[in-house]
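I have placed the structure first, in the form of structure tokens, so that the comments after it can refer back to it.
Chains as they are written, first to last, in my numbering: chain A, 12 to 402; chain B, 12 to 402; chain C, 12 to 402; chain D, 12 to 402.
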């Protein structure tokens, strides 16, 4: 070493570059005292050459604002191709993510993907109404499919998608990102652990202001519904996930402001009640006409759980109310946050690499499609719907 | 002045004993700088001799734990008599509140109250099923009545109570304490001001663990219902108060754990949905089987309002979520708390002293009785109920 | 019983008027389930005739805004006389608290109190500079004295006050209200329990905007100093109380805005550092020129404690940060609040009734006087002061 | 387009792939209503080929756990080489970040970097005591240097580093990450805007538990001090940044547990007070022996600001207390978080690409080195130090 070692210091390299190298992994001992939370180990990522290659289909806001940036936090997946209908935008995007011009496709090119073994999976980020046909084509081209929620426009479509993927022996996963998000996972685990007794009531809400009438989310032909399938679905799916149980009956009400042309054919506000066999009741509500609020709350026998921003991309706050001796406490768990899109994509890559069934397969999406059909049915008829038990 | 005045100090008395005396009132100038919240003026109370004298009827937990202690924070009212069925307990209580032995009554003594002009009002704190008959007797004895909620066992009883008080020309007020509590008042005012746009969704919850099977609240003959009339009523009344509107339709579900003898004939858990003419939906839930949670939340076009512990005696937390430029803010309003029982009692005393109609008269209680009958009806039949418009 | 008992109900009185009467005390069984915090027992107060009678000396804001109203929450004490220099204000106040005209005194009347055995104690609420002489006179008249903080203008005065009360065999207590406030008590107990390891650092702050130049607090002859003795004292006393230890050295800086005549002779802002024998460092600061902030924070080996509004009359928030497994938690303890003035007054009444030494006797005030003298000394000289060990 | 367009939908591609493409940038119109916070635009990143290439020097925890992962969130920078003393660890790390074997260097290789124009900058992440010599070598090799804090072991070293970089005409930036973190930036801006009046007091704290005695941070020869230069520096630098002012005098105390061999020669706990010409006082404290706490608080004339976790990698919470009419409010600003390492690295890349001086150049580090020397001097002598005004 050319520079002077400071007096009293021996073995400088190992002091400079700490860590244990073992079986191709680098790890660190815990330098903190016991009272502090131990530092997490550095992320162990696959080298780029060994990661699962994804094409991303659809270059709207979600893709550019969240999904493509999320790939940089992935450990098992990488973006290798784009599928879009607007060439200039595609080229610009590809350039900035280092994707070559030979990996840019249009919606008509799906069968050409079959010739690209480096593209193992496709993340479908297009309007709901197009999912069914696109997934069928991708399955036919031999690609594993990660499909944005809601899965489809109808349960019939959802069933066709599942069948097509089964036939083609490719994996199908629905992008229910909250299943892969650490705070939502902690809530499900805590509820189902029984530590706070049995759950009795759930409240879930998902609202935001949908301003612009031109977007496809306000076109029922493309969106397949209004607030319910787009954002209310988080309340429905989130409640089922947290309880680990399927509802036995439901009731819904739908409200569209009478003179607003945007909501002539779809629901601005949708409120519903789910009753579960164990005796839990869930009250859910969603709206395109209220300031952003995306919270999940559970009342249990021995405490309450509030997950603020449960369905948001960031900003989760988990608080637990409980008795502690002769006073009440509210305990906030400060979990390390994670990019839920990256965690979701990595989960699918992990399933592909290890031939596993994803946590949220097509069947999970199908269940929600059936429930949303029943919810619209209840809202239309004003009647409570009793659901068939799945056999 | 016999003691030495410190050097440089003149007019010691006025420096020692600051304040302005004017028209029989003492007030203080604001000593704080503008950036701090000005100190409130000292409470201006009527001298004891001029306050409205109350008898308290029923010496259960609520009376001993909250109502009698609250009188010490009243400015216009004082406790002067007790009505109870257990002599030793009555004497002990009277002794500790400085109430003389000649002011102790039993439930059979109501007509004797007529001879006591110093007892101007009676606060009825007995099981719900007894309210109707007791209020009729008290009205007949010429006493103004402040009656605990729920008003009665049925809307028919409520109507009889209103009629009896009208006939006797005495005032009838239902003890909806939240109407007199500063945080609930601030929420109603903020919602109805339009500052955050129109309300779209309301969530209200009221749960607690009812442990002991022996108490009258678990005896339907005395309580007239389960969780709904006792604690769910706060969700119903609170939603109506905040919106300033009456529901047009409702739906409800009731759950009683199948093998729990306490809930053989009454609702442990009750969930309901209210639809309002303006297009607001409210989701409410109550349970005797979940850890204490008493919160009210409103989603509006331009923000959300959360009042934690809305229906509790203390511990209110008011937070308002809104956009501020390019970020979200959550603003906590730290209002000075007040003893809501004292404020409620003083309101009734004020109405008596000035011959005014209380903010929550018998008619307010009657409205809730009718709605609770419709809610039980919906829960029994599984049907949505459309309510008649009040003419 | 004249009214109809509802069908199925027997023994109505005991159901109506629940509770156990035993040894002259009323108590209630816990009706809540185990998961909820048990309801506290109703307050057990002495009847008015048996309570300790207090005269209140000085009718400024603190007396009218906090102390006199607090007596209504006392269980062992009652206000029976007033001592003031402004007759009309005194009469008005007495009238509204039901105090007779024969119980109104001026500052010259102190020796006349000797003839009133119903006045057992006097609460001195006058400017600091008058405390010494007044307490000496009250002791000579045979009255127990509860004296507002700061105890005096100097440690010499404080010593005279202690000696006078010892000689007259009356009790002397300094009104350090935070010692009697439940949240502050919980913090001291938690720190000293060792549950979170040893404390390492304390931060205490007490600021408010002093607007009006005319008040006695801005007259050094009456106040004996600026922000330090008035509000900074809470940081000093609070740190000592929480640690249960006396500082061994200190350093201070004082700042007065150069062109503000209000602060020509006294400290607007005062910052100080205390070093304790156990190795804890405390950083404290106070100012008359900053928006209200009155917080106490302790860093310990295994967690941190933050008591927001520690030194306020209300609004205490206690949060504890700690490791929980692999994440951090922040736990808010929601203790039942109590009126700290009432708790403080009742403590003194309890000591009088049972001949006990108060928790904050004159000696506690004397210690702070000596420390404040050392702090001013350090601020003047710019030197660290080493304190003598008390033997 | 081969698939069926849903009925009623025209111009599917532009609906599928929304956004405006202009001047090589993609942007989106705001789809949200005015009441919601507008969605931010997708990140606009340089294509990998045009980014500034960085070598990272030192492969300890900070590099593997934070800095290398942060590069994936950079828009202007990319990691292209590693410099380390342990070959196997270096190869493993390089493999997982897609860095070729020809880009791995040892500490002896620095002059070889001169032949690599693709390596434009080096991020130095080695023990403090090595910075000076390493930065001089890197400057000599013509590389821009981003150097971790603390800059050096002494102000003399810091001056040498600045001179070496000036002579070599390379840029030198000290990695004060908080300057590039959005919450810290918002606090500085708010304080200096005057919106809350003038600042009066600052409290800054930075504690954590240093468990393991073997690490270089506990070797004074390598660390150049104890808690102060490592973590207390954030309090010092953060206070200066927030106030935009240099202290005029200071006082410090240092505590090392008497029997702990880890702290025989260095400070476990360090507490200091800074006085600024404008009249602000800052109280700062740091410790290696207390549970993690990294908060910054400012008291101003018209409000207070608390930034919880100010100096942490994540978890920032910004709350502002203020008067609002007749009550206090506490307003939490929920800013979008950003990876502060990525923002810091991108800032340096931006300066290199545009030939600008970084916000935290070597001179900023030098100022802190001088102040830390004065702080240690004060702690050693127990005297207040008056600092020379910079001319």
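The beta-carbon is built from N, C-alpha and C at its ideal position, and this holds for glycine as well.
All values reported here derive from a predicted model rather than from experimental measurement.
For the segment 293-323 of chain B, which residues have a CB atom closer than 7 Å to at least one CB atom of chain A, in sequence order? Going along the segment 293-323 of chain B in chain order, one finds 294, 296, 298, 300, 301, 302, 304, 310, 311, 312, 313, 314, 315 with a Cβ nearer than 7 Å to chain A.
Do the CB positions of residue 115 (chain A) and residue 105 (chain A) come within less than 8 Å of each other? A contact, by the Cβ cut-off of 8 Å.
Would you give the residue range spanned by the beta strand (DSSP E) that residue 340 (chain B) belongs to? Segment 338-345, the beta strand (DSSP E) holding residue 340 (chain B).
Cβ of residue 104 (chain C) within 8 Å of any chain B Cβ: Closer than 8 Å to some Cβ of chain B, the Cβ of residue 104 (chain C) qualifies, so yes.
Between which two residues does the alpha helix (DSSP H) holding residue 168 (chain C) run? Taken as a continuous stretch (DSSP letters only), the alpha helix (DSSP H) holding residue 168 (chain C) covers 166-179.
Below 7 Å on C-beta distance, what does residue 339 (chain D) contact in chain B? Against chain B, a Cβ distance below 7 Å from residue 339 (chain D) picks out 48, 345.
For residue 360 (chain D) and residue 188 (chain D), I'd like the C-alpha separation in whole angstroms. Near 14 Å, if we compare the C-alpha coordinates of residue 188 (chain D) and residue 360 (chain D).
What residues from the segment 222-237 of chain C come within 9 Å of chain D, judged by C-beta to C-beta, listed N to C? Cβ contacts with chain D: none found.
Let me check one thing: in DSSP terms, what residues is residue 200 (chain A) bridge-paired to? BP columns for residue 200 (chain A) are empty, so no partner.
Nearest-angstrom Cβ-Cβ length linking residue 184 (chain B) and residue 136 (chain B), presumed shorter than 8 Å: So it is not a contact: roughly 13 Å between Cβ atoms.
Contact list for residue 62 (chain B) against chain D, beta-carbon separation under 9 Å: What residue 62 (chain B) touches in chain D: nothing, since even the nearest Cβ is about 27 Å away.
Listed by chain order, chain B residues near residue 218 (chain A) by CB distance under 9 Å: For residue 218 (chain A), the chain B residues whose Cβ falls inside 9 Å of its Cβ are 211, 212, 310, 315, in order along the chain.
For chain C, find out if any of its Cβ atoms is closer than 8 Å to the Cβ of residue 15 (chain D); answer yes or no. Bear in mind that the predicted position of residue 15 (chain D) carries a pLDDT of just 46, short of 50, making it unreliable; the figure below should be weighed with that in mind. False, the Cβ-Cβ gap to chain C never drops below 8 Å.
Would you say residue 39 (chain C) lies against chain B (beta-carbon separation less than 8 Å)? Taking Cβ atoms only, chain B reaches closer than 8 Å to residue 39 (chain C), which makes this a yes.
Within a Cβ cutoff of 7 Å, which residues of the same chain sit near residue 15 (chain D), ignoring the five residues on either side of it in sequence? Because residue 15 (chain D) sits at a pLDDT of 46, beneath the cut-off of 50, its placement in the model cannot be relied upon, and the following sentence gives the value as read from the coordinates. Here residue 15 (chain D) has no same chain residue with a Cβ atom under 7 Å from its own Cβ, once five neighbours each way along the sequence are excluded.
At 7 Å on the CB atoms, spell out the chain D contacts of residue 53 (chain A), in chain order. Here the neighbours are 75, 76.
Compute the distance between the beta-carbons of residue 254 (chain B) and residue 202 (chain B), then report whether it is under 8 Å. In this structure, residue 254 (chain B) places its C-beta atom within 8 Å of the C-beta atom of residue 202 (chain B).
So, with DSSP's three-state summary, where would you put residue 85 (chain B)? Collapsing the DSSP output to three states places residue 85 (chain B) in coil.
Can you confirm whether the segment 351-371 of chain A touches the segment 62-81 of chain A when touching is taken to mean that 3 or more C-beta pairs between the two stretches lie within less than 8 Å? The segment 62-81 of chain A is in contact with the segment 351-371 of chain A.
Residue-level contact to chain B via CB, residue 405 (chain D), 8 Å cutoff: This structure leaves residue 405 (chain D) out entirely; chain D is present only between 12 and 402.
What does the alpha-carbon distance come out to for the pair residue 231 (chain C) and residue 260 (chain C)? C-alpha separation (whole angstroms): 26 Å.
Proximity to residue 296 (chain C) [Cα-Cα], best of D:286, D:30, D:302: Measuring from the Cα of residue 296 (chain C), the nearest candidate turns out to be D:286.
Any beta-carbon of chain B closer than 8 Å to the one on residue 19 (chain D)? Any reading at residue 19 (chain D) must be qualified, since the residue scores a pLDDT of 46, below 50, and its modelled position is unreliable; the value itself is stated next. No, no contact with chain B.
When DSSP labels each residue in this structure, what does residue 397 (chain D) get in the three-state scheme? Here residue 397 (chain D) carries a strand assignment [DSSP, helix/strand/coil].
Residue range of the beta strand (DSSP E) that includes residue 217 (chain D): Per DSSP, the unbroken beta strand (DSSP E) holding residue 217 (chain D) starts and ends at 210-220.
Chain A residues whose Cβ lies nearer than 9 Å to that of residue 32 (chain D): Simply 97, 99, 100, 103.
Please report the distance separating the alpha-carbon of residue 66 (chain B) from that of residue 195 (chain D). Their Cα atoms are separated by approximately 60 Å.
Any C-beta of chain D under 8 Å from that of residue 166 (chain C): The Cβ of residue 166 (chain C) sits no closer than 8 Å to any Cβ of chain D.
So, for residue 44 (chain C): in the same chain, excluding its five sequence neighbours on each side, which residues have a beta-carbon less than 6 Å away from its beta-carbon? There are no such residues.
Residue 155 (chain B) - DSSP class collapsed to helix/strand/coil: Assignment of residue 155 (chain B) by DSSP, reduced to helix, strand and coil, places it in the strand class.
Tell me the DSSP secondary structure of residue 141 (chain C) in three-state form. Helix at residue 141 (chain C).
Compare the C-beta of residue 334 (chain D) with all C-beta atoms of chain B and state if any pair is closer than 8 Å. Answer yes: the Cβ-Cβ gap between residue 334 (chain D) and chain B drops below 8 Å somewhere.
For residue 216 (chain B), which residues in the same chain have their Cβ closer than 6 Å to its Cβ, ignoring the five residues on either side in sequence? Result list for residue 216 (chain B): 296, 304, 306, in chain order.
Cut-off 6 Å between Cβ atoms - residues of its own chain near residue 118 (chain A), not counting five sequence neighbours on either side: For residue 118 (chain A), where only same-chain residues beyond five positions count, the Cβ hits under 6 Å are 96.
Where residue 227 (chain B) sits in the DSSP three-state scheme: Residue 227 (chain B): helix per DSSP, three-state reduction.
Show which residues of chain D have a CB atom less than 8 Å away from the CB atom of residue 262 (chain C). Contact note: residue 262 (chain C) reaches chain D through 262, 264, 284, 395, using a C-beta cutoff of 8 Å and chain order.
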